[in-house]
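> Here our numbering is used: the first residue of the sequence shown is 2, the next is one more, and so on.
Mind looking over this structure? Questions follow.
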Amino acid sequence: MSTAYLNGTFLPLDQAQVSVMDRGFLFGDGIYEVIPVYNGKLFRLAQHLRRLQNSLDGVRIGNPLSDTEWTAVLTELVARNADSEQAVYLQVTRGAAARRDHAFPADTHPTVFAMSTPAPAVSNIASEAGIKAITLPDIRWQQCDIKAITLLPNVLLRQQAVDAETAEAILIRNGYATEGAASNIFIVHNGVLVTPPKGPSLLPGITRDLVLELAAANGIPFREAGITEQTLGQAEEIWVTSSTREISPVTHLNDRIVANGLPGPLWQRMIRLYQDYTEALRTGKTG
Ligand code: PDD
Numbered sequence: 002m003s004t005a006y007l008n009g010t011f012l013p014l015d016q017a018q019v020s021v022m023d024r025g026f027l028f029g030d031g032i033y034e035v036i037p038v039y040n041g042k043l044f045r046l047a048q049h050l051r052r053l054q055n056s057l058d059g060v061r062i063g064n065p066l067s068d069t070e071w072t073a074v075l076t077e078l079v080a081r082n083a084d085s086e087q088a089v090y091l092q093v094t095r096g097a098a099a100r101r102d103h104a105f106p107a108d109t110h111p112t113v114f115a116m117s118t119p120a121p122a123v124s125n126i127a128s129e130a131g132i133k134a135i136t137l138p139d140i141r142w143q144q145c146d147i148k149a150i151t152l153l154p155n156v157l158l159r160q161q162a163v164d165a166e167t168a169e170a171i172l173i174r175n176g177y178a179t180e181g182a183a184s185n186i187f188i189v190h191n192g193v194l195v196t197p198p199k200g201p202s203l204l205p206g207i208t209r210d211l212v213l214e215l216a217a218a219n220g221i222p223f224r225e226a227g228i229t230e231q232t233l234g235q236a237e238e239i240w241v242t243s244s245t246r247e248i249s250p251v252t253h254l255n256d257r258i259v260a261n262g263l264p265g266p267l268w269q270r271m272i273r274l275y276q277d278y279t280e281a282l283r284t285g286k287t288g
């Protein structure tokens, strides 16, 4: 049984319990993060803690821990779970109140929960084959930059993708591709790497930012710009990125084969740069 953290205590995951009056349970009133761990090292922790703060500010929950305290809790959680490759999940809800009321109660304390699951390294073989995706209307709210636990639209969208025997749904809002149901998107268009600019219609992915940093550092031309559904349909390459998927090439979109149906040359280059980065993290050469 893996070890979890709940409100100041480390305990076996199956013993971690919260009140049914917790606003996370009743309203989905909370926010979360997913942080990959490579060889026991938390990936881009400072960036994750910054996004955590932004999400808390966005929903008006005070941060229950300082960055130093978060670092201590998460480092201990990783150490208490034996696997060298993990995915840490943490969530903060507004806490439990005496009665159910949509408006914020006066006297709640945030509930802080974290757990870790073993995460086998994303298989090269799986990504070499590429994944299938479908486009779906983006039915989510208008503050998708907040990493809220209120994920029912994302759940329904991902299930529609699974029902269509595909791995991800790429979401379309007002004629533009925003992101995946649980990932950011990139395309290669006329040889240039393109991803939508940050804003309320997408989550500012930590993986997305690293991909852009690697592109800038290695002379790969890129642009942050809107991607119309039409441009998506003509893309030379399509990738989706996330903490748990790293960079996955989309080789089939709806009924179309993307380019020649194989992961493209720019993806081959970027995944090597990405793996060099995670390898440096594993061996302690970068943070
Ligand atoms: N989701 N966009 C959405 C809607 C997401 O849910 C995620 C990640 C991302 C990518 O962000 P990052 O690179 O920081 O993981 C983009 C996580 C993995 C999840 O919900 O499990």
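Heads up, the beta-carbon is just placed ideally off N, CA and C, and yes, glycines get one too.
Are there 16 or more other CB atoms within 10 angstroms of the CB of Ile258, so buried, or fewer, so exposed?
On the sequence shown, residue 258 is found 257 positions in, with the first residue counted as 1. By the neighbour-count rule (16 or more Cβ atoms within 10 Å), Ile258 is not buried but exposed.
> Short check: CB of Tyr177 to CB of Gly234, under 7 Å?
For the purposes of this step, residue 177 is taken as the residue at position 176 of the sequence shown. For the purposes of this step, residue 234 is taken as the residue at position 233 of the sequence shown. It is not a contact, given that the beta carbons lie outside the stated cut-off.
> For the 8 Å Cβ check, are there 3 or more pairs between the segment 41-54 and the segment 252-270?
Judged by Cβ distances under 8 Å, the segment 41-54 makes no contact with the segment 252-270, as fewer than three pairs qualify.
> On the three-pair Cβ rule with 8 Å, is the segment 27-47 touching the segment 147-158?
Yes: the two stretches touch, three or more of their Cβ pairs being nearer than 8 Å.
> Is Gly181 near Val241, with beta carbons less than 7 Å apart?
Position 180 of the sequence shown holds residue 181. Position 240 of the sequence shown holds residue 241. Their beta carbons are under 7 Å apart, which means Gly181 touches Val241 by this criterion.
> Classify His49 as buried or exposed, calling it buried when 16 or more other Cβ atoms lie within 10 Å of its own Cβ.
Position 48 of the sequence shown holds residue 49. That one is buried.
> Who are the near neighbours of Leu203 in its chain, counting only those whose CB is closer than 8 Å to its CB and skipping five residues on each side?
Taking the first residue of the sequence shown as 1, we reach residue 203 at position 202. So the qualifying residues of the chain are Cys145, Asp146, Thr179, Glu180, Asn185 and Pro197.
> Answer yes or no: the CB of Asn185 versus the heavy atoms of the ligand PDD, is any distance below 6 Å?
Taking the sequence shown and counting its residues from 1, one reaches residue 185 at position 184. At least one heavy atom of the ligand PDD is nearer than 6 Å to the Cβ of Asn185, so yes.
> One question on the structure: do Asp84 and Pro119 come within less than 7 Å of each other, judged by their Cβ atoms?
By 1-based counting over the sequence shown, the position of residue 84 is 83. By 1-based counting over the sequence shown, the position of residue 119 is 118. Their beta carbons are under 7 Å apart, which means Asp84 touches Pro119 by this criterion.
> So Gln235 is in the alpha helix (DSSP H); what residue range does that whole segment cover?
As a working note, residue 235 is residue 234 in the sequence shown. Gln235 -> alpha helix (DSSP H) spans Glu230 to Gln235.
> Check the DSSP bridge columns for Phe114 and list the partner residues they point to.
Stepping through the sequence shown from its first residue, residue 114 is reached at position 113. Phe114 is bridged to Leu7 and Gln92.
> Within the same chain, show all residues whose beta-carbon is closer than 7 Å to that of Arg224, passing over the 5 residues directly before and after it, in chain order.
Counting from one through the sequence shown, the residue named residue 224 turns up at place 223. Only Val193 and Val195 meet the Cβ criterion.
> Just the C-alpha distance for Leu91 and Ser117, rounded to the nearest angstrom, thanks.
Mapped onto the sequence shown, residue 91 falls at position 90. Mapped onto the sequence shown, residue 117 falls at position 116. C-alpha separation (whole angstroms): 9 Å.
> Go ahead and label Gly142 buried or exposed: buried means 16 or more other beta carbons lie within 10 angstroms of its beta carbon, across all protein chains shown.
Numbered from 1 along the sequence shown, position 141 holds the residue referred to as residue 142. The sequence given here has Trp at residue 142, not Gly. The residue is exposed, with fewer than 16 neighbouring Cβ atoms inside 10 Å.
> Is the separation between the beta-carbon of Ile132 and that of Ala165 shorter than 7 Å?
In the sequence shown, the residue the question calls residue 132 occupies position 131. In the sequence shown, the residue the question calls residue 165 occupies position 164. Not closer than 7 Å, so no.
> Which one of Phe187, Lys42 and His253 has the shortest CA to CA distance from Met271?
As a first step, residue 271 must be located in the sequence shown, where it is residue number 270. If we check each option's Cα against that of Met271, Phe187 comes out closest.
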